[in-house]
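**Q** Before I ask anything, let me first share the structure, which is written out below as structure tokens.
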DNA sequence: TAGTGGTCTAGACCACGCC
DNA sequence: GCGTGGTCTAGACCACTAG
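Residue numbers (our numbering), protein chains in the order written: chain A, 13 to 247; chain B, 13 to 247.
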């Protein structure tokens, strides 16, 4: 039950990265410096850094150090390519349904645990646009149990996952996804401003988190004609 | 340059799992048993097991042991896994073009390094069927430099990645992929036995490997109507 | 209670990047 | 040459699972 030492150091460093004490490109203190600072051995310092690496916060370079990097979406997360880097572009996100209590979905490819179904479901729907053109429709469902005050909350940088991490200390630790190519029906064609019958990428996803019995279920419809969906992984 | 101790133990165990010495559901020797068997310390034994866990071969249970588990489900191609190890159905693979020397592709979304372009390109094209229905068309390109004898070789269990691992000790260590929904043209519709205009999932992939300057470039077209493409990740 | 994995200490040697 | 991360040893205590 007790939190391991390495985890508190890991969280400490993570927090400093999120606060901007260490910015992207900066190097964290070396393992030996961490040993001194926290009065621990290298094994423990390494474990903390290893975890930060696994979570995609840092990159480790033999002979150089641990460098803070832009958080990669390599938790098997799929992301719209060029979405976050779309510097010149105007990225907008528009709520079609604000976060609120809704019914739990059924007919979903991933099983929702009974513990979750006992609690009310929070849902929201967003439309993502680049240069005012809609490219993705996104639905999220999750149990309200662990997120007091979420409904009234503004998302951190417009990001749901970032909000979970910074406001609730909940991290995504796993995912399973199903991908299908399909064609737009009248409803989707209208929302995404494409022809009926145009190809769409449908993603059904289940994200597990660091909180027991708290999972996120999502359904996305992506118009990949201009922005393909990307996925990268580095061991 | 030298292979770490833990890796040789990891590979030893991996090989025994692949050969069936340890079957799904079996428990590997405990950490202490590995210490004795290989004359190592627990740190090293743990590191080997941790790697096997990361690669999805085993599950670790506090107080019980390390259990061999089924590797990722679905057409887990997105999770770095080959196709043939992943599906429970009757999977057949048919070569449309046997491995041979071909021109390097261009117009590919991922850059091919100059070192690779200096060497001849090996290519093959396969049609993957589940229960006799074609579900996926697969093209692979890669440099011939590190794979002597590949062209005459039979694939291990019909799996390209398994062949690389077992016959050449080359492991996939990273990937980047681009996904698009598109519609079948006349050529694809004929090969995959679907209507012209039916939705298809196109995947362009770049796999990096444990060998420097050896990468695999692939293009897939998947009919996801019956078999969605899956992707799972567990920290 | 015995055996397992999870955490942690206090050392050591090595390979890599950089000056 | 020096500091970095990568590997490895030889211990220790703890928490979990099971008989």
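We put the beta carbon where it would ideally sit given N, CA and C, even for glycine.
Is the distance from the Cβ of residue 140/A to the Cβ of residue 195/A below 8 Å?
**A** Stepping through the first chain from its first residue, residue 140/A is reached at position 128. Stepping through the first chain from its first residue, residue 195/A is reached at position 183. No, Cβ-Cβ distance for residue 140/A and residue 195/A is not below 8 Å.
**Q** Considering only C-alpha positions, which residue in the set 223/B, 233/B, 110/B is nearest to residue 146/B?
**A** Reading the second chain from its first residue, position 134 is the one you call residue 146/B. Measuring from the Cα of residue 146/B, the nearest candidate turns out to be 233/B.
**Q** Taking the C-alpha atoms as reference points, what is the distance between residue 3/A and residue 44/A?
**A** Summary: the structure shown does not reach residue 3/A, with chain A confined to residues 13 through 247, and so no result is reported for it.
**Q** Hey, does residue 53/B have any beta-carbon neighbour from chain A nearer than 8 Å?
**A** On the second chain, residue 53/B is found 41 positions in, with the first residue counted as 1. No, residue 53/B does not count as interfacial toward chain A.
**Q** Which word fits residue 55/A, buried or exposed, when buried means at least 16 other C-beta atoms lie within 10 angstroms of its C-beta?
**A** Stepping through the first chain from its first residue, residue 55/A is reached at position 43. Answer is exposed; the Cβ neighbour count stays below 16.
**Q** Helix, strand or coil, according to DSSP, for residue 170/B in the structure here?
**A** Position 158 of the second chain, counting from 1, holds the residue named residue 170/B. Looking at residue 170/B - three-state DSSP - the assignment turns out to be helix.
**Q** Short of 9 Å Cβ to Cβ, which residues in the stretch 176-198 of chain B face chain A?
**A** Answer set for the stretch 176-198 of chain B: 183, 184, 185, 186, 187, 188, 189, 190, 191, 192, 193, 194, 195.
**Q** Below 8 Å, can you find three or more Cβ-Cβ pairs linking the stretch 111-118 of chain B to the stretch 151-163 of chain B?
**A** Yes, the stretch 111-118 of chain B touches the stretch 151-163 of chain B.
**Q** Please list, in chain order, all residues of the same chain as residue 25/B whose beta carbon is under 7 Å from its beta carbon, the five residues on each side excluded.
**A** Walking along the second chain from the start, residue 25/B turns up at place 13. Cβ within range, chain order: 40, 60, 64.
**Q** Compute the Euclidean distance between the alpha carbons of residue 204/A and residue 134/A, then round it to the nearest angstrom.
**A** Along the first chain, one-based indexing puts residue 204/A at 192. Along the first chain, one-based indexing puts residue 134/A at 122. Taking the straight line from one Cα to the other gives about 24 Å.
**Q** Does DSSP classify residue 21/A as helix, strand or coil?
**A** Counted from its first residue, the first chain places residue 21/A at position 9. The answer is helix: DSSP assigns residue 21/A an H, G or I state.
**Q** How big is the Cα-Cα spacing for residue 121/B and residue 81/B?
**A** As a working note, residue 121/B is residue 109 in the second chain. As a working note, residue 81/B is residue 69 in the second chain. If I take the Cα positions, the gap works out to 35 Å.
**Q** So which residues of chain B does residue 56/A contact, with C-beta pairs closer than 7 Å?
**A** The residue you call residue 56/A lines up with position 44 of the first chain. Under the 7 Å cutoff, chain B gives no residues; its nearest Cβ is about 13 Å from residue 56/A.
**Q** Could you check whether residue 239/A and residue 227/A sit closer than 8 Å to each other, using their CB atoms as the reference points?
**A** Position 215 of the first chain, counting from 1, holds the residue named residue 227/A. Position 227 of the first chain, counting from 1, holds the residue named residue 239/A. Their beta carbons are not under 8 Å apart, which means residue 227/A does not touch residue 239/A by this criterion.
**Q** Return no unless some Cβ of chain B is closer than 8 Å to the Cβ of residue 242/A.
**A** Position 230 of the first chain, counting from 1, holds the residue named residue 242/A. With 8 Å as the cut-off, residue 242/A counts as an interface residue toward chain B.
**Q** Between which two residues does the alpha helix (DSSP H) carrying residue 53/B extend?
**A** As a first step, residue 53/B is located in the second chain; it is residue number 41 there, counting from the start. Residue 53/B -> no alpha helix (DSSP H), and no H or E assigned at all.
**Q** Going along the chain, which unbroken runs of the beta strand (DSSP E) with 3 or more residues stay wholly within the stretch 127-177 of chain B?
**A** DSSP runs (the beta strand (DSSP E)) wholly in the stretch 127-177 of chain B: 133-142, 145-155.
**Q** Is there contact between the stretch 156-166 of chain B and the stretch 14-30 of chain B, where contact requires at least three CB pairs shorter than 8 Å?
**A** Flag = no, the stretch 156-166 of chain B and the stretch 14-30 of chain B do not touch.
**Q** Under 8 Å between C-beta atoms, does residue 211/A make it to chain B?
**A** Here the question's residue 211/A lines up with position 199 in the first chain. Yes, residue 211/A counts as interfacial toward chain B.
**Q** Mind checking residue 119/A: buried by the 16 CB within 10 Å criterion, or exposed?
**A** Here residue 119/A is taken as the residue at index 107 of the first chain, counted from 1. With fewer than 16 other Cβ atoms within 10 Å, it is exposed.
**Q** Is the distance from the Cβ of residue 213/B to the Cβ of residue 200/A below 8 Å?
**A** On the second chain, residue 213/B is found 201 positions in, with the first residue counted as 1. On the first chain, residue 200/A is found 188 positions in, with the first residue counted as 1. Not in contact: residue 213/B and residue 200/A (Cβ atoms no closer than 8 Å).
**Q** Closest Cβ-Cβ distance between residue 236/B and chain A: below 8 Å?
**A** One-based indexing of the second chain puts residue 236/B at position 224. Yes, residue 236/B lies at the interface with chain A (some Cβ there is under 8 Å from its Cβ).
**Q** What number of angstroms, rounded off, separates the C-alpha of residue 206/B from the C-alpha of residue 211/A?
**A** Position 194 of the second chain, counted from the first residue, corresponds to residue 206/B. Position 199 of the first chain, counted from the first residue, corresponds to residue 211/A. Distance between the alpha carbons of residue 206/B and residue 211/A is about 15 Å.
**Q** I'd like to confirm the pairing. Which residues does DSSP put opposite residue 72/A in its beta bridges?
**A** In the first chain, counting from the first residue as 1, residue 72/A sits at position 60. 78/A, per the DSSP bridge assignment.
**Q** Between the Cα of residue 217/B and the Cα atoms of 74/B, 188/B, 103/B, which residue gives the shortest distance?
**A** Here the question's residue 217/B lines up with position 205 in the second chain. Ranking 74/B, 188/B, 103/B by Cα distance to residue 217/B puts 188/B first.
**Q** Is it buried or exposed for residue 171/A, if we count other Cβ within 10 angstroms and need 16 for buried?
**A** For the purposes of this step, residue 171/A is taken as residue 159 along the first chain, with counting starting at 1. Residue 171/A is exposed by the Cβ-count criterion.
**Q** Classify residue 237/A as helix, strand or coil using the three-state DSSP reduction.
**A** Within the first chain, residue 237/A is the residue found at index 225, counting from 1. Note: residue 237/A maps to coil in three-state DSSP.
**Q** Where do the ends of the alpha helix (DSSP H) carrying residue 15/B lie?
**A** The count along the second chain starts at 1 and reaches residue 15/B at position 3. Counting along the chain, residue 15/B falls outside any alpha helix (DSSP H), and DSSP gives it neither H nor E.
**Q** Quick one: Cα of residue 70/A to Cα of residue 27/A, how far?
**A** Stepping through the first chain from its first residue, residue 70/A is reached at position 58. Stepping through the first chain from its first residue, residue 27/A is reached at position 15. Roughly 13 Å separates the two Cα atoms.
**Q** Would you call the CB atoms of residue 173/A and residue 138/A closer than 8 Å?
**A** On the first chain, residue 173/A is found 161 positions in, with the first residue counted as 1. On the first chain, residue 138/A is found 126 positions in, with the first residue counted as 1. Not in contact: residue 173/A and residue 138/A (Cβ atoms no closer than 8 Å).
**Q** Would you mind stating whether residue 221/A and residue 184/A have Cβ atoms separated by less than 8 Å?
**A** What you label residue 221/A is simply residue 209 of the first chain in a count that begins at 1. What you label residue 184/A is simply residue 172 of the first chain in a count that begins at 1. Yes, Cβ-Cβ distance for residue 221/A and residue 184/A is below 8 Å.
**Q** Please classify residue 67/A as buried or exposed, where buried requires at least 16 neighbouring CB atoms within 10 angstroms.
**A** Position 55 of the first chain, counting from 1, holds the residue named residue 67/A. Buried is the call here.
**Q** Of the residues 42/B, 46/B, 49/B, which one's Cα is nearest the Cα of residue 78/B?
**A** The residue given as residue 78/B occupies position 66 in the second chain. Out of 42/B, 46/B, 49/B, 42/B has the C-alpha closest to the C-alpha of residue 78/B.
**Q** Would you report the Cα separation of residue 231/B and residue 166/A, rounded to the nearest angstrom?
**A** Taking the second chain and counting its residues from 1, the one referred to as residue 231/B is at position 219. Taking the first chain and counting its residues from 1, the one referred to as residue 166/A is at position 154. Each residue's Cα considered, the two are about 41 Å apart.
**Q** Short of 7 Å in beta carbon distance, which residues of its chain neighbour residue 34/B, apart from the five on each side in sequence? Order them along the chain.
**A** Taking the second chain and counting its residues from 1, one reaches residue 34/B at position 22. For residue 34/B, where only same-chain residues beyond five positions count, the Cβ hits under 7 Å are 28, 40, 80.
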